[in-house]
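See below for the structure under consideration.
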Amino acid sequence: MKRQVASLAFGLTLAFGLAPAAEAQERPAPPTAAVAVDPAQAALVRRYFAAIHMDKLLDSMVEAMSGPIFEREHIPEDKRDIVRTVLRESYAAVMPELMDMYTELYAGAFTPAEMEAMVAFYESPVGQSVMAKTVQLTRHSDEVYARFAPLLEQELTTRLCARMTCTAPASATSAKRN
Numbered sequence: 112m113k114r115q116v117a118s119l120a121f122g123l124t125l126a127f128g129l130a131p132a133a134e135a136q137e138r139p140a141p142p143t144a145a146v147a148v149d150p151a152q153a154a155l156v157r158r159y160f161a162a163i164h165m166d167k168l169l170d171s172m173v174e175a176m177s178g179p180i181f182e183r184e185h186i187p188e189d190k191r192d193i194v195r196t197v198l199r200e201s202y203a204a205v206m207p208e209l210m211d212m213y214t215e216l217y218a219g220a221f222t223p224a225e226m227e228a229m230v231a232f233y234e235s236p237v238g239q240s241v242m243a244k245t246v247q248l249t250r251h252s253d254e255v256y257a258r259f260a261p262l263l264e265q266e267l268t269t270r271l272c273a274r275m276t277c278t279a280p281a282s283a284t285s286a287k288r289n
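In the working numbering, each number is its position in the sequence shown, counted from 1, plus 111.
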């Protein structure tokens, strides 16, 4: 069980740590050490986070990502509630540090004028509607991933086998796409 818990923790870390890395070339590099952020800019960033319901978005991502990870790591049913509880508690414990890191990142990436415009939009009724729907959509992302993962796996297998010495399973070469 200890190995499963360590594997789950590692899986969750990878899930959260690697997802943004794919876009690293398009975004500013994250700060390597705590950077002093202008208090006015930090306040704008925090207003933006409140307006986009950043806490709910992150909670939804945790929920959406934990399901497939639980399945992959073979966490027994009778232990899943414990793991979910500990996951939520651990997440809540480190959330203030995460928000500080995101505040530094956003404060460095956006000008005060950009942050003011973003805050104005997301505090508006239309912005709030967009965010409410975004939170709901994020909660269903595990369903989308469950449908998408086999397609990606089949495509990867077919392409790898075309370039390496292997034979793709029949299901990989005859995959139907809608």
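From the three backbone atoms N, C-alpha and C, an ideal C-beta is built for every residue, glycine too.
For Leu263, does the count of other Cβ atoms within 10 angstroms reach 16, so buried, or fall short, so exposed?
-> Taking the first residue of the sequence shown as position 1, residue 263 is located at position 152. That one is exposed.
Among Asp170, Tyr159 and Thr196, which residue has its Cα nearest to the Cα of His251?
-> Numbered from its first residue, the sequence shown carries residue 251 at position 140. The residue with the shortest Cα to Cα distance from His251 is Asp170.
Burial state of Glu215, where buried means 16 or more other Cβ atoms lie within 10 Å = Mapped onto the sequence shown, residue 215 falls at position 104. Glu215 is buried by the Cβ-count criterion.
Closest residue to Leu168 among Thr249, Glu227, Ala204 and Phe221 (Cα-Cα distance) | Here residue 168 is taken as the residue at index 57 of the sequence shown, counted from 1. Minimum Cα distance to Leu168 is reached at Thr249.
Cβ contact (3+ pairs, closer than 8 Å) linking the segment 226-235 and the segment 197-209 = no
If you compare alpha carbons, which of Ala161, Arg157 and Ala153 is closest to Ala243?
-> On the sequence shown, position 132 is the one that residue 243 refers to. For Ala243, the nearest C-alpha among the options comes from Ala161.
Range covered by the alpha helix (DSSP H) that runs through Ile163 = The residue labelled residue 163 in the question sits at position 52 within the sequence shown. Element bounds for Ile163: n/a, residue is neither H nor E.
With distances taken from CA atoms, which of Ala147, Val255 and Met165 is nearest Val241?
-> Within the sequence shown, residue 241 is the residue found at index 130, counting from 1. For the residues Ala147, Val255 and Met165, the minimum Cα distance to Val241 belongs to Met165.
If you draw a straight line from the C-alpha of Met226 to the C-alpha of Arg157, how long is it?
-> Taking the first residue of the sequence shown as 1, we reach residue 226 at position 115. Taking the first residue of the sequence shown as 1, we reach residue 157 at position 46. Cα to Cα, Met226 sits roughly 10 Å from Arg157.
Collapsed DSSP secondary structure at Ile193 in the structure displayed = Within the sequence shown, residue 193 is the residue found at index 82, counting from 1. Note: Ile193 maps to helix in three-state DSSP.
Would you kindly report the start and end of the unbroken alpha helix (DSSP H) that includes Asp253?
-> The residue given as residue 253 occupies position 142 in the sequence shown. Taken as a continuous stretch (DSSP letters only), the alpha helix (DSSP H) holding Asp253 covers Ser252 to Arg274.
Host alpha helix (DSSP H) of Val230 (start-end) | Reading the sequence shown from its first residue, position 119 is the one you call residue 230. Segment Pro223 to Glu234, the alpha helix (DSSP H) holding Val230.
Using a threshold of 7 Å, is the CB atom of Lys167 nearer than that to any non-hydrogen atom of the ligand ADP?
-> The model on display carries no ligand, and the ligand ADP is accordingly not part of it.
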